[in-house]
Amino acid sequence: MEEFFGELERFGSEFIYPNRWIILPIIVVLIVGALAAAWRLRLYRPLIDHKYITAGIGIPLLAIAIPVGWYLLSPLWERSFLEEAAPEFDRSAVSASTPVATATSPPDSADEASPTSAAETPAATAPATTAATAAATAAPSEDGESDGGAQLVAFGEWQGSDDFHFAEGKAFIIETEPGVYILRVEEFSVRNGPDLFVYLSRNPDGWEEEAINLGDLKATDGAFNYEIPSDIDIDEFKSAVVWCRRFAVLFGHATLEVVTE
21 MEEFFGELER
31 FGSEFIYPNR
41 WIILPIIVVL
51 IVGALAAAWR
61 LRLYRPLIDH
71 KYITAGIGIP
81 LLAIAIPVGW
91 YLLSPLWERS
101 FLEEAAPEFD
111 RSAVSASTPV
121 ATATSPPDSA
131 DEASPTSAAE
141 TPAATAPATT
151 AATAAATAAP
161 SEDGESDGGA
171 QLVAFGEWQG
181 SDDFHFAEGK
191 AFIIETEPGV
201 YILRVEEFSV
211 RNGPDLFVYL
221 SRNPDGWEEE
231 AINLGDLKAT
241 DGAFNYEIPS
251 DIDIDEFKSA
261 VVWCRRFAVL
271 FGHATLEVVT
281 E
């Protein structure tokens with residue numbers, strides 16, 4: 021049964037959802053047409069004439085369909101938020117890999133910038149830029165660790181498995197102390213679903229059967245941490261994964277890029 025729902029969910033997300041604006045009007049027309057035909061042919065008469073049989077069959081079906089439908093569909097619109105503290109670590113490798121727009125970036129069009137504002141921009145933004153650069157490139161201490169005692173090992177960007185299963189944000193593998201690692205997600209958002217868990221995978225493109233389960237998804241949005249088991253070789257793992265365990269569906273993954281010294 022779970023395999024069936026998994027295939028159904030994949031079919032919906034890969035075919036129906038991308039074509040929803042074409043399929044939806046067709047379904048509405050078919051339903052209206054079927055109801056009109058049933059009314060003209062008086063197909064509702066047997067249901068009224070045998071109301072006790074209709075109630076005896078219809079009520080149990082509704083009693084099953086409503087809870088099952090709620091369980092399967094309600095997570096899609098339910099959201100949650102969690103903000104956990106982050107260990108301090110040197111983010112300069114991330115800044116170098118992912119350019120971030122600053123106040124000195126050029127405007128979207130040349131017409132938007134006046135000569136006066138263009139001339140004043142460097143001076144006006146220098147303190148903010150200097151502060152941001154200093155924070156992003158904090159020098160490590162003499163023992164090779166950052167000032168906060170934690171080191172960035174790998175990082176990546178979340179992406180969804182398809183248009184329906186969106187995922188976005190950042191993923192970090194951080195060594196908080198020698199031999200102790202955590203997975204941290206930040207600016208994170210993912211499509212909700214039933215029975216979602218976070219894994220570490222050796223497959224850079226996402227799921228594998230031998231992936232390591234770090235625990236259930238703490239929230240659909242926010243920034244939070246997962247402890248990584250101490251008995252695994254962290255260098256073997258190439259991605260973080262959000263996986264629906266019940267229906268075996270990939271919701272999103274972040275390919276991890278190792279930080280080079």
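Take 21 as the starting number for the sequence shown in the working numbering and just add one per residue.
Note that beta-carbon positions come from the ideal geometry of N, C-alpha and C, so glycine has one too.
Q: Please state whether DSSP places Phe-35 in a helix, a strand or coil.
A: Along the sequence shown, read from residue 1 onward, the residue named residue 35 stands at position 15. Here Phe-35 carries a helix assignment [DSSP, helix/strand/coil].
Q: Just tell me which of Thr-240, Ile-232, Ile-46 has its CA closest to the CA of Ser-250.
A: Numbered from 1 along the sequence shown, position 230 holds the residue referred to as residue 250. Its Cα nearest to that of Ser-250, the residue Ile-232 stands out among Thr-240, Ile-232, Ile-46.
Q. Around the C-beta of Val-114, are 16 or more other C-beta atoms found within 10 angstroms, so that it is buried, or is it exposed?
A. Translated into the one-based positions of the sequence shown, residue 114 becomes position 94. Val-114 is buried by the Cβ-count criterion.
Q. Cα separation between Asp-203 and Leu-44?
A. Mapped onto the sequence shown, residue 203 falls at position 183. Mapped onto the sequence shown, residue 44 falls at position 24. Looking at the sequence itself, residue 203 is Leu, so the reference to Asp does not match. Cα to Cα, Leu-203 sits roughly 40 Å from Leu-44.
Q. For Leu-50, which residues from the same chain have a beta carbon less than 6 Å from its beta carbon, with the 5 sequence-adjacent residues on both sides left out?
A. One-based indexing of the sequence shown puts residue 50 at position 30. Excluding the 5 residues flanking it on each side, Leu-50 has no same chain C-beta neighbour closer than 6 Å.
Q: Under 8 Å by Cβ, that's how I've got Leu-276 and Gly-176 pegged, so tell me the actual separation to the nearest angstrom.
A: Translated into positions along the sequence shown, residue 276 becomes position 256. Translated into positions along the sequence shown, residue 176 becomes position 156. Indeed, because the Cβ distance is near 5 Å, the residues count as touching under 8 Å.
Q: Provide the residue(s) that pair with Ala-191 in DSSP beta bridges, ordered along the chain.
A: As a working note, residue 191 is residue 171 in the sequence shown. Within the DSSP bridge table, the entry for Ala-191 names Gly-176, Val-205 as partners.
Q | Inter-stretch contact (C-beta, 8 Å, three-pair minimum) for the stretch 185-193 and the stretch 86-104 | A | Below 8 Å, too few C-beta pairs join the stretch 185-193 and the stretch 86-104 to call them touching: fewer than three.
(Q) Please list the terminal residues of the continuous beta strand (DSSP E) segment that includes Asp-241. (A) Numbered from its first residue, the sequence shown carries residue 241 at position 221. Start and end: 241-247.
Q. Looking at the structure shown, is Leu-237 part of a helix, part of a strand, or coil, going by DSSP?
A. Counting from one through the sequence shown, the residue named residue 237 turns up at place 217. DSSP places Leu-237 in coil when its eight states are reduced to three.
(Q) I need the straight-line Cα distance from Ile-42 to Trp-263, nearest angstrom please. (A) Along the sequence shown, read from residue 1 onward, the residue named residue 42 stands at position 22. Along the sequence shown, read from residue 1 onward, the residue named residue 263 stands at position 243. If you take the alpha carbons of Ile-42 and Trp-263, they lie about 29 Å apart.
Q) When the Cα of Ala-239 is compared with those of Leu-61, Ala-56, Leu-55, Gly-213, which residue comes out closest? A) Stepping through the sequence shown from its first residue, residue 239 is reached at position 219. Residue Gly-213 holds the alpha-carbon nearest to the alpha-carbon of Ala-239 among Leu-61, Ala-56, Leu-55, Gly-213.
Q) Assuming Phe-109 contacts Ala-170 under a Cβ cut-off of 8 Å, what Cβ separation, rounded to an integer in Å, is found between them? A) On the sequence shown, residue 109 is found 89 positions in, with the first residue counted as 1. On the sequence shown, residue 170 is found 150 positions in, with the first residue counted as 1. The Cβ separation is near 4 Å, so the contact holds.
Q: Write down the C-beta distance between Arg-265 and Phe-208 rounded to the nearest angstrom, noting that I regard them as a contact closer than 8 Å.
A: By 1-based counting over the sequence shown, the position of residue 265 is 245. By 1-based counting over the sequence shown, the position of residue 208 is 188. About 19 Å; that fails the 8 Å criterion.
Q) Whose C-alpha, out of Arg-211, Glu-228, Leu-234, Gly-235, is nearest the C-alpha of Asp-241? A) Looking up residue 241 in the sequence shown gives position 221. With distances taken between CA atoms, Asp-241 lies nearest to Arg-211 out of Arg-211, Glu-228, Leu-234, Gly-235.
Q: Reducing DSSP to helix, strand and coil, say where Ala-105 ends up.
A: One-based indexing of the sequence shown puts residue 105 at position 85. Coil.
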